[in-house]
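Each protein sequence line maps, in turn, to chains A and B.
Residue numbers for the first sequence follow our numbering, so the first one is 1 and each next one is one higher.
Residue numbers for the second sequence follow our numbering, so the first one is 133 and each next one is one higher.
Yeah, the Cβ is synthetic: ideal placement off N, Cα and C, and Gly gets one too.
Values in this document were obtained by computation on a predicted structure and should not be read as measured data.
Number of protein chains: 2
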Amino acid sequence: MEQPKLQIIGILHGDIHSREDAPKNFDESERVGTLEIYPEYQEGLEGIVAGQTIVVLFWLHKSTRNNLQVYPRGNRSRGLRGVFATRSPVRPNPIAVSELKVQAIRANRLEVSGLDILDGTPIIDIKKKISR
Amino acid sequence: MEQPKLQIIGILHGDIHSREDAPKNFDESERVGTLEIYPEYQEGLEGIVAGQTIVVLFWLHKSTRNNLQVYPRGNRSRGLRGVFATRSPVRPNPIAVSELKVQAIRANRLEVSGLDILDGTPIIDIKKKISR
């Protein structure tokens, strides 16, 4: 099978500019920002409402892709872990899955809270949240 | 930005062979199957344990990518929805995010339950589950 190619559907505008400044994960964050969805994909937003929690997939374009093991952040003494046992941005396909709260919607722009993602990161998907 | 290319890290072996036979979502499924991770990525599994819930990203290679609105499954009377407000497999980047329970691990094969995904679907990522 050929390598599938992703379409970038939008871009994140936020105030996190370095990994050091990023919350470790969305569940520890109250940071706010805006998901700008490109006009050609705007029709796909129909039905999303303010107050809802959405699942957003980002393409972490600054991450490295060729490490299969990493040290847990801030704690090297716990030893190396396989990237698939972690939420590290380092992984063969650097996709982040964030659960974000929609604060407001203006046409193709969604204001969200709970961000743990760098300003300028490409967006590749949005889904309704479900959980087990 | 160029279109990012995905690496396929493995393949799902299961007993769901048609969309009609698939549970609507992982939260309604007890179906079991095996995640076969290709040997060159096996090192990345280190640290995953039986009993754990993992987040698995699949590339839905049979989905169409050029619809931005869909009817809710089994209920056309509710009208069209934007794909980003749904969990439909139809979307610009047909990536599924499933929460699966690890039943057993044998080298590069993870037996899991909770599947809502077709047999033969490519795997693109595995993550530790966190939630808000």
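Does DSSP put serine 88 of chain A in a helix, a strand or coil?
In the structure shown, serine 88 of chain A sits in coil (DSSP, three-state: anything other than H, G, I, E or B).
Mapping DSSP to helix, strand and coil, what is glutamine 7 of chain A?
Three-state result, glutamine 7 of chain A: coil.
Let me see if you follow: with CB-CB separation under 7 Å, is asparagine 198 of chain B close to chain C or not?
The structure shown contains no chain C; the protein chains it does contain are A and B.
Would a check of beta-carbon distances place threonine 147 of chain A closer than 7 Å to chain B?
Because chain A is modelled from 1 through 132, residue 147 of chain A falls outside the range shown and cannot be assessed.
Rounded separation between proline 204 of chain B and aspartate 153 of chain B - CA only:
Roughly 17 Å between the two C-alpha positions.
Specify the secondary structure class of glutamine 201 of chain B as computed by DSSP and reduced to three states.
The answer is strand: DSSP assigns glutamine 201 of chain B an E or B state.
Excluding sequence positions up to five away, which residues of its chain have a Cβ less than 6 Å from the Cβ of valine 56 of chain A?
Ser98, Leu100 and Ile126, listed in sequence order.
When Cβ atoms are compared, which residues of the stretch 133-144 of chain B fall closer than 8 Å to chain A?
Residues of the stretch 133-144 of chain B with a C-beta less than 8 Å from any C-beta of chain A: Met133, Gln135, Pro136, Lys137, Leu138, Gln139, Ile140 and Ile141, listed in chain order.
Within 7 Å (strictly less), CB to CB, does glycine 214 of chain B reach chain A?
Interface residue (Cβ-Cβ distance to chain A less than 7 Å): glycine 214 of chain B is classified as such.
Taking the C-alpha atoms as reference points, what is the distance between asparagine 200 of chain B and glutamate 134 of chain B?
It is worth fixing the name first, because residue 200 of chain B is leucine in this sequence and not asparagine. For leucine 200 of chain B and glutamate 134 of chain B, the distance between alpha carbons rounds to 22 Å.
Does glycine 51 of chain A pass the burial test, meaning 16 or more other C-beta atoms within 10 Å, or should it be called exposed?
Glycine 51 of chain A is exposed by the Cβ-count criterion.
Hey, would you say serine 63 of chain A sits closer than 7 Å to proline 23 of chain A, going by beta carbons?
Cβ distance not < 7 Å, so serine 63 of chain A and proline 23 of chain A don't count as in contact.
Between which two residues does the beta strand (DSSP E) carrying glutamate 231 of chain B extend?
Per DSSP, the unbroken beta strand (DSSP E) holding glutamate 231 of chain B starts and ends at 227-238.
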